[in-house]
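**Student:**
Numbering (my numbering), first residue to last: 18 to 213.
#1: Should residue 116 and residue 149 be called a contact, given that it needs their Cβ atoms to be closer than 9 angstroms?
#2: Alpha carbon to alpha carbon, how far is residue 198 from residue 178?
#3: Output yes or no for whether 9 angstroms exceeds the beta carbon distance between residue 213 and residue 18.
#4: Since I believe residue 110 is in contact with residue 136 (beta carbons under 8 angstroms), could you give me their beta-carbon distance rounded to a whole number of angstroms?
#5: When you compare each of 158, 102 and 185 to residue 125 by their alpha carbons, which one comes out closest?
#6: Classify residue 210: buried if its beta carbon has 16 or more other beta carbons within 10 angstroms, exposed otherwise.
#7: Using DSSP bridges, identify the partner residues of residue 193.
#8: Please list, in chain order, all residues of the same chain as residue 156 whose beta carbon is under 6 angstroms from its beta carbon, the five residues on each side excluded.
#9: With DSSP run on the structure shown, which of helix, strand or coil describes residue 162?
#10: With DSSP collapsed to three states, give me the class of residue 92.
#11: In the DSSP output, what is residue 32 paired with across the bridge?
#12: Could you give the DSSP three-state label for residue 53: helix, strand or coil?
#13: Does residue 34 pass the burial test, meaning 16 or more other C-beta atoms within 10 Å, or should it be called exposed?
#14: Kindly indicate which three-state DSSP category residue 147 falls into: helix, strand or coil?
#15: Take residue 133 and list the residues in its own chain whose beta-carbon comes closer than 7 angstroms to its own, dropping the five residues that flank it on each side.
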């Protein structure tokens with residue numbers, strides 16, 4: 018299965034055009050949040066991406082509310098809300114948690130870890146968040162050092178997902194790193210294609 022993963026489009030049509038071209042080559046779209054600019058033009062962006070004719074998993078970034086995403090997922094059949102949820106396609110489980118930007122710990126996600134662990138047996142695991150995990154190249158900013166989420170880092174170390182896709186820090190678009198066997202990537206607004 019080929020997926021196109023992207024983040025931090027921030028309502029820029031030039032990125033939507035690139036994504037629609039790449040979408041022809043994949044089976045599934047995955048958005049790591051911040052499709053809009055503080056909710057502005059969110060539905061317009063969703064409508065444009067619907068032209069790809071593919072299912073799209075989405076989580077809210079720090080520029081969308083979970084309610085906005087939930088409402089749009091009810092309205093558009095191709096759109097699947099992954100926030101605080103898992104979704105299984107073939108033998109791949111996608112686990113999602115959105116909204117975060119700068120949060121060193123996330124008790125809300127910590128509470129979900131046991132239920133996610135029950136579902137992952139013998140599956141490839143793809144972990145989708147908006148903010149990055151703590152202590153990697155993806156959460157490092159020279160003035161602030163590491164700004165990511167320690168709860169995500171703990172989850173990755175325990176569960177060992179195959180991939181962790183995230184965004185939020187525009188300075189780290191396109192950056193890749195590894196935590197153990199887990200590939201960690203900020204795919205940016207033009208997106209990256211992965212064979213899962």
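Where is the CB? At the ideal position from N, CA and C, for every residue including glycine. Keep in mind it's a predicted model, so treat the numbers as computed, not measured.
**Tutor:** Taking the coordinates as given:
#1: no
#2: 8 angstroms
#3: yes
#4: 6 angstroms
#5: 102
#6: exposed
#7: 202
#8: 149, 163, 164 and 165
#9: strand
#10: helix
#11: Its beta-bridge partners do not exist; DSSP assigns none.
#12: coil
#13: exposed
#14: coil
#15: 103 and 112
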